[in-house]
Structures are given as structure tokens and as C-alpha cells.
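Here is the structure we will look at, set down as C-alpha cells.
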Amino acid sequence: MNGSKKVVRARKGTATPQRDAIMKRPVNKAVISFSVTALLALLLVSGCSFPVGPVNRSHPFVQYRVTLKDHDLNIVRVRIDLFGSIGKTMRFVSPHGTWDRSPVPIGITALDREGRALSVTEGEGDWIVEHGGKDFSVYYDVVLTVENRYSPDIKTMLSFIDHDRCRLLGGDLFIMPAEAVSEGVVVDTAIFPGMPVCSAWAGTGTRITVPSIGDLPSTVVVSGNYRLFRRWAGQTELVMAIASSWTFHDEELLEVIERIVTSETALFGSSPHERYLFVCDRNPIKGYRGFNLYGVHFTGSIVLLLDTKLDRSQLFDTPMAIVAHEFFHNWNGETLRPRTDEFLWFTEGVTVYYSYKTLLDANIITPEQHRRNRDLIAKRYMENSYLEAVPIGEAVNSDLGDKDLVNLLYDGGFLAAEALDAHITEITRNRIGLIDILRMMYEEAGGTTYIDEEALTAAVRRLSGHDISGFLHEIIHRPAPSALTGTQQSS
Ligand SMILES: [Zn+2]
Numbered sequence: 001m002n003g004s005k006k007v008v009r010a011r012k013g014t015a016t017p018q019r020d021a022i023m024k025r026p027v028n029k030a031v032i033s034f035s036v037t038a039l040l041a042l043l044l045v046s047g048c049s050f051p052v053g054p055v056n057r058s059h060p061f062v063q064y065r066v067t068l069k070d071h072d073l074n075i076v077r078v079r080i081d082l083f084g085s086i087g088k089t090m091r092f093v094s095p096h097g098t099w100d101r102s103p104v105p106i107g108i109t110a111l112d113r114e115g116r117a118l119s120v121t122e123g124e125g126d127w128i129v130e131h132g133g134k135d136f137s138v139y140y141d142v143v144l145t146v147e148n149r150y151s152p153d154i155k156t157m158l159s160f161i162d163h164d165r166c167r168l169l170g171g172d173l174f175i176m177p178a179e180a181v182s183e184g185v186v187v188d189t190a191i192f193p194g195m196p197v198c199s200a201w202a203g204t205g206t207r208i209t210v211p212s213i214g215d216l217p218s219t220v221v222v223s224g225n226y227r228l229f230r231r232w233a234g235q236t237e238l239v240m241a242i243a244s245s246w247t248f249h250d251e252e253l254l255e256v257i258e259r260i261v262t263s264e265t266a267l268f269g270s271s272p273h274e275r276y277l278f279v280c281d282r283n284p285i286k287g288y289r290g291f292n293l294y295g296v297h298f299t300g301s302i303v304l305l306l307d308t309k310l311d312r313s314q315l316f317d318t319p320m321a322i323v324a325h326e327f328f329h330n331w332n333g334e335t336l337r338p339r340t341d342e343f344l345w346f347t348e349g350v351t352v353y354y355s356y357k358t359l360l361d362a363n364i365i366t367p368e369q370h371r372r373n374r375d376l377i378a379k380r381y382m383e384n385s386y387l388e389a390v391p392i393g394e395a396v397n398s399d400l401g402d403k404d405l406v407n408l409l410y411d412g413g414f415l416a417a418e419a420l421d422a423h424i425t426e427i428t429r430n431r432i433g434l435i436d437i438l439r440m441m442y443e444e445a446g447g448t449t450y451i452d453e454e455a456l457t458a459a460v461r462r463l464s465g466h467d468i469s470g471f472l473h474e475i476i477h478r479p480a481p482s483a484l485t486g487t488q489q490s491s
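Laid out in C-alpha cells, this is it:
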């Protein structure tokens with residue numbers, strides 16, 4: 001592991017997941033992805049900060065260990081060891097603040113090294129251990145069961161334990177010290193004793209080293225019966241952990257992923273992480289209303305939950321936009337984050353736009369498939385019941401309950417990205433496109449940055465000398481703007 005490099009990249013605040021569900025439509029097979037809840041969560045999560053300090057040996061060292069307590073009930077036991085405690089007490093907090101998605105630690109206890117019980121005071125989403133300056137351990141259990149597969153929990157509870165394999169997401173399991181701890185958090189996962197684990201971070205055997213405590217909630221660890229593949233796409237290392245049986249060969253999916261990663265990384269010149277873990281498994285959601293394809297992006301990890309009935313031909317069709325979409329969030333979503341809900345259209349719409357463009361550029365879909373898909377999106381936008389009432393800058397829907405509103409955000413966002421790209425290309429006489437603006441903002445960010453209408457306008461002005469504020473205002477704040485509906489209204 002390149003420790004020093006990771007320190008530079010350590011983000012303030014917890015790493016923030018982007019989550020998307022892609023649902024195959026029974027009628028037109030077009031795909032839509034949505035992650036509004038997640039992005040609201042992202043904004044919430046970003047609001048609470050975890051200490052990510054410079055390397056400081058005087059900070060306590062923390063180590064986590066996860067074991068299986070009850071396989072039938074999906075209960076795991078978490079043990080947190082603290083070495084080099086400072087002061088008299090340590091406060092632990094939930095990875096998501098007081099957000100209701102937080103893990104619920106059951107029977108939390110703390111012991112010193114001699115096995116004596118220490119006092120633990122539970123507050124509103126926090127736990128204070130009175131350690132008196134000694135090293136100590138905290139123990140608790142967590143139930144990793146999602147009771148209702150249609151509940152919003154499915155979008156966050158990504159952890160899963162089967163008889164032969166498990167997939168764990170840090171944010172589902174771990175409470176975290178609220179004080180500065182040393183860089184390099186060891187996580188030992190011994191759900192299946194002796195079985196090695198795999199994650200986006202470096203590790204050996206059942207143990208991985210998470211660069212900083214802020215990266216813990218977004219850390220995905222898999223263990224057990226996964227088939228592992230490793231590839232290099234330029235400077236970027238790809239690891240694919242795949243389980244279940246499919247109509248395609250593992251290598252065929254790997255090839256698609258590799259082409260997408262190569263293509264998108266080329267757009268930006270580099271990727272935010274050196275190593276990526278793609279976890280592919282069957283989607284546990286059953287039933288006609290479920291998501292057939294579901295993708296989630298957590299910094300260096302991308303979880304793809306696919307329908308086992310997914311036909312091999314779909315590997316060369318628009319459903320693979322799920323891979324391109326999640327990977328594109330590396331830049332637009334993770335590095336460039338929307339400052340407010342009003343800018344979600346950009347995070348999602350631009351990502352949808354480039355996900356299909358990537359499939360086309362990487363020869364995964366044909367120009368004909370691309371055009372047909374684009375037309376379906378435009379048609380659905382024109383038929384949206386909110387078209388004349390809600391501008392895309394207000395198409396925010398916190399619980400994904402209103403499908404039309406979600407569609408307006410994604411479809412309108414896609415068309416807005418397309419119109420914006422065309423507009424920038426036109427005013428700069430083919431010199432600059434939207435991707436050049438994104439690349440510049442990514443390079444300038446040097447880590448994470450928050451973007452909004454003003455930042456985008458300023459970036460276009462810096463790179464091209466042109467002012468797009470009027471154009472942008474029109475497409476974001478006016479319902480059914482002519483630039484998106486294709487109608488030739490003069491204004
Ligand atoms: Zn998305």
C-alpha cells in the first residue's frame with residue numbers, strides 16, 4: 001500500500017456512497033437509474049465529520065474484528081480494539097450520524113486488557129467508554145438481515161451472509177471513534193475462518209488495512225465462494241469477485257468492465273483510486289416490481305447485483321450502463337459532489353449521459369442501440385406528468401417513492417447534459433465539450449470538491465471564455481425548457 005499517497009487523498013468526512021438502482025422496464029426495456037435518496041444521504045453524511053488527521057503516532061491505533069455469531073439469524077459479532085488510548089474516555093459514533101440507516105449495536109460492552117468491565121454510556125447515536133487511559137476492547141452484535149426486500153433498507157444494507165460467502169459493508173456494521181485515530185485501520189474478517197478476504201484496499205489473508213477511519217463506512221469486504229479475477233486497465237487495478245451462475249462466462253463480464261474502466265479513465269486521464277473491487281452477485285430482490293439490476297458505488301468498490309436470468313446478449317446492450325454509470329460516479333459524484341439537491345440533475349443526468357456514451361465509445365453498444373435508447377429517454381421525458389410543472393433543478397424526491405419525479409430528474413438530467421454538451425461545443429466551435437469542463441474541474445479539485453450552478457458556470461468561463469449562465473438557468477429552473485423538449489420556441 002502506498003501509505004503517503006493515501007494520506008494526501010484522505011477525505012474529510014466519511015466516504016460517501018452513491019447508490020443507484022437500475023430497473024429494467026417491462027414495456028420498453030429502457031433503463032433508469034436513481035439515487036436521490038443516496039445523494040440526500042450523501043449530503044447528510046457529508047455534514048458530519050470524522051477526524052482524518054495527518055499521520056500521528058500519538059493517536060490511538062484501532063483494529064476491528066468481525067466474526068459470525070449466529071448464521072441462521074445473520075448476527076455478526078464486532079470487536080474493536082483500541083491501543084494507545086488518550087485521555088479518560090472515548091466517544092464512539094454511528095458512521096451515519098443520527099441518520100436512521102445506522103447500524104444498531106446490540107449488547108455493547110467494553111473491557112480493559114485484564115477483562116474488567118468498563119462503563120459505557122449510551123447517548124443519542126453515540127457511546128462513551130470510560131477507559132481511564134488504558135487500552136480496551138468494545139464488543140457488540142449486529143443483525144444483518146433486511147426484513148423487507150422492498151423497504152428502503154435494501155438501498156443501504158448491502159451486507160449479506162450466505163452459507164458459502166459473505167459481503168460486508170463497513171457502514172452496516174461499524175461504529176467509529178469520534179476522536180482522531182491513527183492512519184491505517186486494520187479490519188479482520190473471520191466470518192469463514194481461514195477463508196481469505198478481498199477488498200479495494202491492500203490486505204493479506206483475512207485482514208485488510210483501511211487507509212483511514214473515514215474510509216471505513218464505504219469499505220466493502222467479500223469472503224468465501226467468489227471467483228476472483230485481477231486485471232490492469234492502464235494504471236488502474238481491477239479486481240472482480242463474482243458469485244452465482246450466469247448465462248455468460250465470467251470473463252465476458254470482466255471484459256465489458258475492463259473496456260468501460262479503460263474508456264472512462266481515458267476521458268479524465270486518471271482515476272481517483274488505484275484499485276477497484278467489482279463485486280457481482282445475484283440480486284436478492286424477487287418479484288415483478290423489484291430492481292432487476294442494481295448497482296452501488298462506494299469509493300473504490302462497485303457492487304453489481306444482477307438478475308441471474310440476464311441474457312448473455314445483455315452484456316452488449318444498454319443494461320451494462322449500470323457499470324458505466326457507477327464507475328463514472330468516481331468523478332462526477334465522488335470527486336465532484338453536488339453542493340445541494342438542486343444540483344442532483346447534474347450528478348445523475350451527466351452520469352447517465354456519459355454512461356451511454358461510454359458504452360458506445362467502448363464498442364459495447366452500436367450507434368443504433370445508442371440512438372434508440374436516447375429516443376426512449378426523450379419520449380419518456382415528454383410524457384412525464386411533471387414536465388410542465390417541475391424544473392429539473394427541483395425534481396428532488398427524498399424517498400424514491402415518486403417514480404415520475406425520479407424519471408424527471410434522470411431523463412431531464414440526461415437531456416440537459418446532452419443540450420449542455422451541444423451548447424458548449426457550438427459556442428466554442430468544436431474546441432471544447434462538456435467532458436473537458438468535467439476533466440478540468442476534476443483536475444482542479446485534487447480531492448473532493450462541491451459543485452453547483454455557479455461553479456459550473458465559472459469553470460466554463462475559465463476554460464472557454466464563454467458565459468453559459470443564461471442557458472444553464474433556463475434548463476435548470478424552467479419546466480419543459482425548449483432546449484430539452486426540442487421545440488423551437490423563440491424566447
Ligand atoms: Zn447515479
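So in the working numbering, spot 74 of the sequence shown is number 74, and the numbers just go up one at a time. Heads up, the beta-carbon is just placed ideally off N, CA and C, and yes, glycines get one too.
Item                                                                                                                    : Value
Contact test: E348 Cβ vs ligand 1 heavy atom, cutoff 7 Å                                                                : yes
C-alpha distance - D172 paired with I432, whole-angstrom precision                                                      : 43 Å
heavy atom of ligand 1 below 7 Å from T351 C-beta                                                                       : yes
Pairwise C-alpha distance: A455 and N373                                                                                : 30 Å
First through last residue of the beta strand (DSSP E) which encompasses K69                                            : F61 to D70
Beta strand (DSSP E) segment containing V181, residue limits                                                            : It is not in any beta strand (DSSP E) - V181 carries neither H nor E in the DSSP assignment.
CA-to-CA distance, V120 to T109, given in whole angstroms                                                               : 7 Å
Continuous alpha helix (DSSP H) assignments of at least 4 residues falling wholly in the segment 95-135                 : none
Segments assigned alpha helix (DSSP H), at least 4 residues, entirely inside the segment 338-406                        : 351-361 and 367-382
Supposed close pair A483, I476 - CB separation, criterion 8 Å                                                           : With 8 Å as the limit, A483 and I476 do not qualify as a contact, their Cβ atoms being about 11 Å apart.
Proximity test, H325 beta-carbon vs ligand 1 heavy atom, cut-off 7 Å                                                    : yes
Heavy atom of ligand 1 within 7 Å of H329 beta-carbon                                                                   : yes
Extent of the continuous alpha helix (DSSP H) to which G470 belongs                                                     : S469 to H477
Alpha carbon of G84 to alpha carbon of K134, nearest angstrom                                                           : 7 Å
Cut-off 6 Å between Cβ atoms - residues of its own chain near R65, not counting five sequence neighbours on either side : R79 and D188
Beta-carbon proximity list for D311, same chain, < 8 Å, skipping 5 on both sides                                        : T247
Continuous alpha helix (DSSP H) stretch holding E444: start and end                                                     : L434 to A445
Endpoints, beta strand (DSSP E) assigned at R231                                                                        : R227 to A233
Contact under 8 Å by Cβ, S218 with T299                                                                                 : yes
Classification of N283 by the beta-carbon crowding that lies within 10 angstroms, buried from 16 upward                 : buried
Bounding residues of the beta strand (DSSP E) (the contiguous stretch that carries T209)                                : R207 to V210
Residue burial classification, Q235 (beta-carbon count within 10 angstroms, cutoff 16)                                  : exposed
Rounded straight-line distance, which links the Cα of T366 to that of V93                                               : 49 Å
G413 and G333 closer than 8 Å at C-beta                                                                                 : no
The segment 253-272 contacting the segment 338-347, beta-carbon criterion three pairs below 8 Å                         : no
Among V390, T308, Y353 and F160, the one whose alpha carbon lies nearest that of F327                                   : Y353
Spatial neighbours of D452 in its chain, beta-carbon cut-off 6 Å, leaving aside the 5 residues before and after         : R339 and F343
Selected residue, minimal CA-CA separation from I243, among R275, S182, D162 and W201                                   : A quick correction: the sequence has Ala, not Ile, at residue 243. When only C-alpha atoms are compared, the closest one is D162.
Buried versus exposed, by CB contacts within 10 Å (16 or more), V159                                                    : Note that residue 159 is Ser in the sequence shown here, rather than Val. By the neighbour-count rule (16 or more Cβ atoms within 10 Å), S159 is buried.
Own chain residues within Cβ distance below 6 Å of K29, not counting five before or after                               : For K29, the pLDDT reaches just 29, beneath the cut-off of 50, and the residue's location in the model is therefore unreliable, although a value from the coordinates is still provided. Hits under 6 Å: none found.
Straight-line Cα distance separating I435 from E504                                                                     : Outside the shown range of the chain (1 to 491) lies residue 504, about which nothing can therefore be said.
Straight-line Cα distance separating V390 from A480                                                                     : 8 Å
Whether I493 touches P105 by CB criterion (8 Å)                                                                         : Because the chain in this structure spans residues 1 to 491, residue 493 falls outside the shown range and cannot be described.
Backbone secondary structure at A190 - three-state DSSP                                                                 : strand
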